[in-house]
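Down below is the structure, laid out as structure tokens.
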Amino acid sequence: MFNLILFGPPGSGKGTQSSNIIKKYNLYHISTGDLLREEILNQTKLGIEAKKFMDEGQLVTDDLVIGMIGNKLDANPDSKGFIFDGFPRTTAQAVALDNLLKSKGSKINVLISLEVPEPVLKQRLLERGLSSGRSDDNEATIDKRITEYKNKTEAVAAYYGDKNLYVGIKGDDNIDQVFTSISNTIDKYI
Ligand code: AP5
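Just so you know, the working numbering puts 114 at position 71 of the sequence shown, and the rest follows in order with no gaps.
Listed below in structure tokens is the structure:
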């Protein structure tokens, strides 16, 4: 099993590149953002709770997202591996993920971080906001999401860096160039 964390700030291209990776490497994609938006659409208890945080650009509580990940791993025991997109976002989530995978005799193989300057992130998300319909793609909430990333999520990079599993990639080239860099990295670790 090959397990990859696709890491980076809001707008760095995690979702875009996950689509490319799935096609080439046949991994199962788990995006906590997509899962939460699905819960909101279905107006579940979890979705109603999560929406309050998401609309404010804040992270949803660890126990909610960790539970969702556990369910997805259990539901896909025969997967060749997983791409974790937007998870883990706190050190507590990283520890929980490592424990979940360990209980299945598996582990994270590499974390690939998409490095994109902040003005480029903001520009991308504002542009996407013109058509995405996402309630968090507006200037004030984008700023809060980036602050939340700096305060709570950047520590996850250090956590995997200590395990020699961190690889940073230039994320502000065009989409194909970024995918080539990602593929070259995956090919080294797979
Ligand atoms: P989530 O859905 O994960 O959003 P995010 O991390 O803010 O990421 P985005 O989807 O905005 O960006 P992305 O990096 O995927 O970039 P994309 O490919 O879309 O999370 C939303 C919220 O849910 C969080 O704020 C939080 O509240 C909650 N949440 C989710 N997970 C959680 C967790 N684990 N714990 C707690 N809370 C959680 O690209 C962005 C745009 O740029 C697109 O328009 C794209 O076309 C464009 N683009 C991409 N690559 C390029 C390129 N190379 N060149 C030019 N344009 C590009």
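Don't be surprised by glycine CBs; every beta carbon is placed ideally from N, CA and C.
On the DSSP bridge list, what partners appear for residue i?
{"i": "L238", "result": "The structure shown does not extend to residue 238, since the chain is modelled only from 44 to 233, so the question has no answer here."}
{"i": "G124", "result": "F45"}
For residue i, which three-state DSSP category applies?
{"i": "I185", "result": "helix"}
{"i": "D219", "result": "helix"}
{"i": "I73", "result": "strand"}
{"i": "V199", "result": "helix"}
{"i": "N85", "result": "coil"}
{"i": "D105", "result": "helix"}
{"i": "G204", "result": "helix"}
{"i": "R80", "result": "helix"}
{"i": "P160", "result": "coil"}
{"i": "I65", "result": "helix"}
{"i": "I112", "result": "helix"}
{"i": "S149", "result": "coil"}
{"i": "I233", "result": "coil"}
{"i": "L144", "result": "helix"}
{"i": "F96", "result": "helix"}
Distance check for residue j and residue i, CA to CA, integer angstroms please.
{"i": "L49", "j": "L154", "result": "6 Å"}
{"i": "Q220", "j": "I212", "result": "11 Å"}
{"i": "T196", "j": "Y232", "result": "23 Å"}
{"i": "N194", "j": "K66", "result": "33 Å"}
{"i": "V159", "j": "S55", "result": "6 Å"}
{"i": "E182", "j": "K165", "result": "8 Å"}
{"i": "T75", "j": "G58", "result": "11 Å"}
{"i": "M111", "j": "K206", "result": "25 Å"}
{"i": "L143", "j": "T104", "result": "18 Å"}
{"i": "L169", "j": "G176", "result": "11 Å"}
{"i": "A198", "j": "Q136", "result": "11 Å"}
{"i": "Y68", "j": "T228", "result": "13 Å"}
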